[in-house]
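Notes follow the structure.
Numbering (the numbering used here), first residue to last: 15 to 730.
Put into structure tokens, the structure is as follows:
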């Protein structure tokens, strides 16, 4: 072209460069193209107006979706929208690849986009080559999509902020991988560092607690909600001269700062830094933007979950007491593990209450449910129990008042409360430290367990009543016995027994094994019990039930130390006597079955099973005779004396009756009169001893393998 001649028109220049023009207005849904753009789209080379559907039919489906994402990104960042598009023919084959560059605008009132741009044919790079790294199509596209799927899955599975940051630090993006990552948060008007990868904590000191007004890319991103891309150190220095000296010594060549936005709120910024130049093409920006969105959502979920956990755990901790100072002459350990509900709160609780008498009370219970209402009722019930106990009431009176209180809360509050009736099980123990005397009242709760000084574990049957809250006038009989020196009392909720698919029977067997095998102090015993049912080792002790739902766990251990028999561990020299005591009242004939069970527990390691059966039969006969032939209650005392094999069992049943028993010779059809005959037949020794007020009848059995005791004593 000669000097002075007029410049050619824009249309002529673009035609000479094989570049077409196109205009897309989403309000009208029409796309206008010139002749060259029509040719590139596989249409006759003449201007045309197409609908969105006609235009979309010419594009590869994946590329059409790519355009919509790039347009939104370009509008948000105020940049050009650039994307590669595969043009398809009528048979679905790729006709050519074109590059589209446009300047999109957005009308906020109509919520529509308008694009004016160019189309130009390009040569598709060979897949896997350096030239193909920034292409949307080919291997890079496939690896990018696979990366985003994997990254999204990993971030979605992260359950805590620390896990999210570990996942973000391990991300390896296809074609370009940052060597430095920083997640910035916001606290007030300050920029904080939530996590980082590729830096030392000392290097990040100048960037933490930075005012949001600072001329720093991350601060600008938080203020504006728009990403900042810096492709070279020179661009960083020119745009942010105040903070460039802080970033210069890291030796990076490119930086991307992206907003972390969740729920329409910018919660922070994410920095990806590179040691090599990155052009930040629209494709690369799309990957970074997608990762930033997933990262923001993951951090938001993790933060909300951690806040909920902290709130619920704090609520539960505030409702549970500290055990306070040590009790002279006693040792106490407690554990609470919330496992049964998604909110990590529930109705299980324990408490230790100083009493006006100088004694103290141990309480353990479980309000029905694993929700906030159960936790609220638990807190109110615990306070009520403390109040009643502090007034000096006996255990039975404390539980009666507590049942009336809970009944009023749950059943007298109108129709809304009737749809959600609740009850609670509870075990209340009043302990006298100097003597070890325990007085127990039970409301539908599992019985306590005794671990003797030699490691023998026995369920201690106790009298009980209905769960609290069912009957405002319920009675709760008490059971009294003595905790001997070196023995440990275990109180627990059913979660400790049944967690892992166990029923009451199999769950007790699991706990018995832990209690018998443990050697250590009381705190380590509490840890071993929780670990055995809730820790990793508990997966090897699952129960017979298909339902594996877990329940909250509350545990209380009370030990009375003795000379040579510290709490928690078995003594080096086993005691010469293993003893248990049980009372059966006239109005409690059902407790005869508990007496039989109690004796079997005492003889769990007896060498001769037939002797155990004989002892159980004789105890049942002796206690029944007291209840039938006298007006007195029966007191059962059983002792195992000796060590190793050849031990001696002595069982005595006391009553306050004056009539001595006599052997009789009943006929074949008689229904009674065989008690002493059975004792004479099955026991190795027996007798009847007057006891001032009342008497005792006793028998002895000698374990095979030893010399036993002296000759039998017989009463005519």
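Glycine is no exception: its CB is placed at the ideal position from the N, C-alpha and C atoms.
Handout entry: Residue ranges of each beta strand (DSSP E) within the stretch 495-568, 3 or longer
Key = 502-506, all fully within the stretch 495-568.
Exercise for the section: Could you have a look at residue 77 and say whether DSSP puts it in helix, strand or coil? Expected result: Residue state, collapsed to three classes: helix.
Problem - Per-residue burial, residue 397 [other beta carbons within 10 Å of its own, 16 or more giving buried] - result: A residue is called buried once 16 or more other Cβ atoms fall within 10 Å of its Cβ, and residue 397, having fewer, is exposed.
Exercise for the section: Could you tell me which residues DSSP pairs with residue 453 in its beta bridges? Expected result: Answer is 444 and 494, bridged to residue 453.
Practice task
Could you please give the first and the last residue of the uninterrupted alpha helix (DSSP H) stretch that includes residue 341?
Solution key: Counting along the chain, residue 341 falls outside any alpha helix (DSSP H), and DSSP gives it neither H nor E.
Exercise for the section: In the DSSP assignment, find the alpha helix (DSSP H) that holds residue 258 and state where it starts and stops. Expected result: Here the alpha helix (DSSP H) through residue 258 covers 258-262.
Handout entry: Three or more C-beta pairs below 8 Å linking the stretch 278-285 and the stretch 189-200
Key = Cβ pair count under 8 Å is three or more, so yes.
Handout entry: Validate contact between the stretch 594-614 and the stretch 458-475 using beta carbons, cut 8 Å, 3 pairs
Key = Verdict: yes, contact present.
Handout entry: Span separating the alpha-carbon of residue 642 from that of residue 409
Key = Straight-line Cα distance between these residues: approximately 29 Å.
Handout entry: contact_flag[the stretch 36-44, the stretch 121-138] where n(CB pairs < 8 Å) is 3 or more
Key = Judged by Cβ distances under 8 Å, the stretch 36-44 makes contact with the stretch 121-138, as three or more pairs qualify.
Problem - Among 111, 134 and 94, the one whose alpha carbon lies nearest that of residue 119 - result: Distance from the Cα of residue 119 is smallest, within the candidate group 111, 134 and 94, for 94.
Problem - Beta-carbon spacing of residue 536, residue 697 below 7 Å - result: No, these two residues do not count as a Cβ contact at 7 Å.
Exercise for the section: Confirm, please, whether the CB-CB distance from residue 351 to residue 400 is below 7 Å. Expected result: In this structure, residue 400 sits away from residue 351, with a CB-CB distance that is not shorter than 7 Å.
Handout entry: Euclidean distance between Cα positions of residue 112 and residue 194
Key = Rounded to the nearest angstrom, the two C-alpha atoms are 34 Å apart.
Handout entry: As assigned by DSSP and simplified to three states, the class of residue 296
Key = For residue 296, the secondary structure class from DSSP, reduced to helix, strand or coil, is helix.
Problem - Per-residue burial, residue 151 [other beta carbons within 10 Å of its own, 16 or more giving buried] - result: The predicted position of residue 151 is uncertain, since its pLDDT is 41 and thus under 50; a value taken from the coordinates is nonetheless stated next. That one is buried.
Practice task
Count the C-beta pairs between the stretch 265-281 and the stretch 293-308 that are closer than 8 Å, then say yes if the count reaches three, no if not.
Solution key: These segments touch.
Practice task
Could you check how far apart the C-beta atoms of residue 173 and residue 316 are, in whole angstroms? I think they sit under 8 Å.
Solution key: The beta carbons of residue 173 and residue 316 sit about 7 Å from each other, so the pair counts as a contact at 8 Å.
Practice task
Locate the alpha helix (DSSP H) running through residue 380, then write down its first and last residues.
Solution key: Residue 380 -> not in any alpha helix (DSSP H); beta strand (DSSP E) instead, spanning 374-381.
Exercise for the section: Could you tell me which residues DSSP pairs with residue 62 in its beta bridges? Expected result: Answer by DSSP bridge pairing, in chain order: 47.
Problem - Those residues which DSSP pairs with residue 596 across a bridge - result: Residue pairing from DSSP places residue 596 in a beta bridge opposite 650.
Exercise for the section: State buried or exposed for residue 684, treating a residue as buried only when at least 16 other CB atoms are found within 10 Å of its CB. Expected result: At residue 684, the pLDDT of 43 sits below 50, so the modelled position is not reliable; the number obtained from the coordinates is stated separately. Exposed, because fewer than 16 other Cβ atoms sit within 10 Å of the Cβ of residue 684.
Handout entry: residue 701 - containing beta strand (DSSP E), residue span
Key = Taken as a continuous stretch (DSSP letters only), the beta strand (DSSP E) holding residue 701 covers 699-704.
Problem - Per-residue burial, residue 290 [other beta carbons within 10 Å of its own, 16 or more giving buried] - result: It counts as exposed.
Exercise for the section: For residue 263, count neighbouring Cβ atoms within 10 angstroms of its own Cβ and tell me buried if that reaches 16, exposed if not. Expected result: That one is exposed.
Problem - Beta bridge counterpart(s) of residue 736 as assigned by DSSP - result: As shown, the chain starts at 15 and ends at 730. That puts residue 736 outside it, with no answer to give.
Handout entry: Minimum length 3: unbroken beta strand (DSSP E) runs contained in the stretch 606-671
Key = Runs found: 648-655 and 662-669.
Exercise for the section: Note down, in chain order, each residue of its chain lying with its Cβ closer than 8 Å to the Cβ of residue 50, except the 5 sequence neighbours on either side. Expected result: The beta carbon of residue 50 is closer than 8 Å to those of 28, 29, 32, 33, 34, 35, 59 and 133 in its chain, skipping five residues each way along the sequence.
Exercise for the section: Give the DSSP bridge partners of residue 710, in chain order. Expected result: Per DSSP, 668 and 703.
Problem - Reduced DSSP secondary structure (H/G/I, E/B, other) of residue 722 - result: Confidence in residue 722 is poor, its pLDDT being 48 and thus under 50, which makes the residue's placement too unreliable to answer from.
Practice task
Could you check if residue 441 is buried or exposed, using at least 16 other CB atoms within 10 Å of its CB as the buried criterion?
Solution key: By the Cβ neighbour-count rule, residue 441 is buried, with 16 or more other Cβ atoms within 10 Å of its own.
Practice task
Could you tell me how far apart the beta carbons of residue 715 and residue 663 are, in whole angstroms, since I believe they sit closer than 8 Å?
Solution key: Yes, residue 715 and residue 663 are in contact; Cβ-Cβ is about 5 Å, under 8 Å.
Exercise for the section: Go through its chain and collect everything with a Cβ distance to residue 99's Cβ below 6 Å, but skip five positions before and after it. Expected result: Taken in chain order, the residues that qualify are 73, 77, 112 and 114.
Problem - Proximity to residue 693 [Cα-Cα], best of 629, 521 and 672 - result: Looking at the Cα atoms, 629 is the closest of the given residues.
Practice task
Give the DSSP-derived three-state secondary structure of residue 717 in the structure shown.
Solution key: Per DSSP, reduced to three states, the secondary structure at residue 717 is coil, with no helix or strand assignment.
Handout entry: Residue of 482, 492 and 313 minimising C-alpha distance to residue 277
Key = The shortest C-alpha separation from residue 277 is found at 313.
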